[in-house]
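A.B. asks: Structure provided below as structure tokens; questions to follow.
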Amino acid sequence: MNKFVLNFKKRFKKLCNNLDNLNDIASLEEYFVDLLESVCGTAFKSFKKKPKGKKRGYTFWCDDLRNSRNSTNVLYKKYQGFMRNNSPEDVIQEAGAEYRKSRAQYKRFLLRTKHKAWEDYCGNYTEKCGGIFRMVFKKSNKVNNILINPENDQNLSFKDRIKILMKHFFPNNDSYIGDIYTPSVESVEELNYKEIDLVVYNLKKGKAPGLDQLDYKIWTAIHGFNKNFLTRIFNLCLKFNYFPECLRKAKIFLQKSGKDTKSCDAYRPFCLLPTIGKILERVFQNRFNKYLSLNNIIHRNQKGFREGTGCDRALDNIVNKIRETRSNQNCALISLDIKAAFDNME
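In terms of the UniProt record's numbering, the sequence shown opens at residue 1 and continues consecutively.
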């Protein structure tokens, strides 16, 4: 992380100077795009990218394989060195033959080790419906094929199916920045770095990043480097009463829910948003919750989505109320459930 901070210092002055030139939501939007690109570039330059690959339920790697691979790499570098230095032909051929022999031995050893590790894994496997069962019978919630087809159109392409799903879960918004309505609000107390500290230093580690591939550790390092930087940026969002559009673009995963695969309701979307947007949301949420608490706005019987309370408290209240009234009065309970409540909020 120290290398990232050193590389970020080179871009920090320019990013700070650009903050002074923001005078509307359009320029704020452009600044966030530039900020994400700058931080992404710095992060990719500072950290070695890990190769993508599926996690296996078994492992075959061992010290003997590592030693064999390292020996083969040494012979390869020796062979390449002779070729670069224009060594005698017989020396190059001898080094090449030695390298190819070692490489062949390593490949055979690798295959044998993989085969043996898989045999041991299957032999010691005791779960009835675990990873091997799902692998063989394809019992997985992961969506490998989109079968959505509400009108039974035989010529519906994969791209068209995706568009139908996106339109169902995320209705199109044809507005652009110039048309966004920004209500005039009274002056708002500016954020201070302690409010940012409260969020940044209490973030849950290991959360998946969004399209920008930046996790919380990056923004924690930036805030630790200069506490006024993110504070200034977030205060500008408060000033213009605007949440940047680039922070609303998400990486979307689909999961099947067991219903008819031709229906949109059979799929459940998971959205991974940029982490700086989540930090900004949390800062606003803390400020908003503080306002609601100080002004006693939320009803005391509201148990859901509140810190320090939940469904168990609500159930206790209902049970106690029934016990109080059923001895001398009739008691009835009316329960109301709104399907896709958050999707239908306006």
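Quick reminder that beta carbons are idealized off the backbone N, C-alpha and C, glycines included.
Can you have a look at residue 237 and say buried or exposed, based on whether 16 or more other CB atoms are within 10 angstroms of its CB?
C.D. replies: Counting Cβ neighbours within 10 Å, residue 237 comes out buried, since at least 16 surround it.
A.B. asks: Return helix, strand or coil for residue 76, following the three-state DSSP convention.
C.D. replies: Helix.
A.B. asks: Measuring only from the beta carbon, is residue 276 closer than 7 Å to any heavy atom that is part of the ligand SAM?
C.D. replies: In the structure shown, the ligand SAM is absent, as is every other ligand, since no ligand is present at all.
A.B. asks: In chain order, what residues of the same chain have a beta carbon less than 8 Å from the beta carbon of residue 260, not counting five sequence neighbours either side?
C.D. replies: Within the same chain, residue 260 has close Cβ partners 266.
A.B. asks: Classify residue 178 as helix, strand or coil using the three-state DSSP reduction.
C.D. replies: Residue placement at residue 178 is poorly supported in this model, since its pLDDT is 48, which falls under 50; the coordinates are not used for a value here.
A.B. asks: On the DSSP letters alone, give me the boundaries of the alpha helix (DSSP H) that residue 313 sits inside.
C.D. replies: Counting along the chain, the alpha helix (DSSP H) containing residue 313 begins and ends at 311 to 325.
A.B. asks: Apart from the five residues on each side of it in sequence, which residues of its chain come closer than 8 Å, Cβ to Cβ, to residue 28?
C.D. replies: Closer than 8 Å at the Cβ level, and outside the excluded window around residue 28, lie 22, 236, 237, 240, 242 and 244.
A.B. asks: Just tell me which of 32, 211, 4 and 24 has its CA closest to the CA of residue 16.
C.D. replies: Of the listed residues, the one whose Cα sits closest to residue 16 is 32.
A.B. asks: On a Cα-Cα basis, can you pick out the residue from 315, 328, 325 and 327 that is closest to residue 335?
C.D. replies: Residue 335 has its Cα closest to that of 315, out of 315, 328, 325 and 327.
A.B. asks: For residue 191, report the span of its alpha helix (DSSP H) as first-last.
C.D. replies: Where residue 191 is concerned, there is no enclosing alpha helix (DSSP H), given that its DSSP letter is neither H nor E.
A.B. asks: Please work out which residues of its chain come closer than 6 Å, Cβ to Cβ, to residue 98, disregarding the five sequence neighbours upstream and downstream, and give them in chain order.
C.D. replies: Answer for residue 98: 75, listed in chain order.
A.B. asks: Check residue 35 in the structure and name its three-state DSSP category.
C.D. replies: Residue 35: helix per DSSP, three-state reduction.
A.B. asks: Determine, using beta carbons only, whether residue 59 and residue 117 come nearer to each other than 8 Å.
C.D. replies: Going by C-beta atoms, residue 59 is nearer than 8 Å to residue 117.
A.B. asks: Can you give me the start and stop residues for the beta strand (DSSP E) that residue 268 sits inside?
C.D. replies: First-last of the beta strand (DSSP E) with residue 268: 267 to 272.
A.B. asks: Per DSSP, which one or two residues make a beta bridge with residue 253?
C.D. replies: Beta-bridge pairing links residue 253 to 270.
A.B. asks: Assuming contact is defined by CB atoms lying nearer than 8 Å, are residue 39 and residue 214 in contact in what I supplied?
C.D. replies: Their beta carbons are under 8 Å apart, which means residue 39 touches residue 214 by this criterion.
A.B. asks: With a threshold of 16 other CB atoms inside 10 Å of the CB of residue 274, please say whether the residue is buried or exposed.
C.D. replies: Answer is buried; the Cβ neighbour count reaches 16.
A.B. asks: Measuring straight from C-alpha to C-alpha, what distance separates residue 34 and residue 24?
C.D. replies: Cα-Cα distance, rounded: 16 Å.
A.B. asks: Consult DSSP for residue 348 and reduce its assignment to one of helix, strand or coil.
C.D. replies: Because the chain spans 1 through 346 in this model, residue 348 falls outside it and cannot be assessed.
A.B. asks: If I'm right that residue 283 touches residue 234 with Cβ under 8 Å, what's the distance once you round it to whole angstroms?
C.D. replies: So it is a contact: roughly 6 Å between Cβ atoms.
A.B. asks: With a threshold of 8 Å, are at least 3 pairs of Cβ atoms found where one atom belongs to the segment 247 to 254 and the other to the segment 203 to 214?
C.D. replies: Yes, since at least three Cβ pairs between the segment 247 to 254 and the segment 203 to 214 fall closer than 8 Å, the two stretches touch.
A.B. asks: Counting only the same chain and skipping the five closest in sequence on each side, list residues whose C-beta sits under 6 Å from that of residue 193.
C.D. replies: The residues are 227 and 231.
A.B. asks: What does the Cβ neighbour count give for residue 327, buried or exposed, with the cut at 16 atoms within 10 Å?
C.D. replies: Under this definition residue 327 is an exposed residue.
A.B. asks: Does the separation of the CB atoms of residue 165 and residue 146 fall below 8 Å?
C.D. replies: Cβ distance < 8 Å, so residue 165 and residue 146 count as in contact.
A.B. asks: Since residue 157 is in the alpha helix (DSSP H), which residue starts that stretch and which ends it?
C.D. replies: That residue, residue 157, is in no alpha helix (DSSP H); it is neither H nor E in DSSP.
A.B. asks: In this structure, how does DSSP classify residue 329 when only helix, strand and coil are distinguished?
C.D. replies: Correct three-state label for residue 329: coil.
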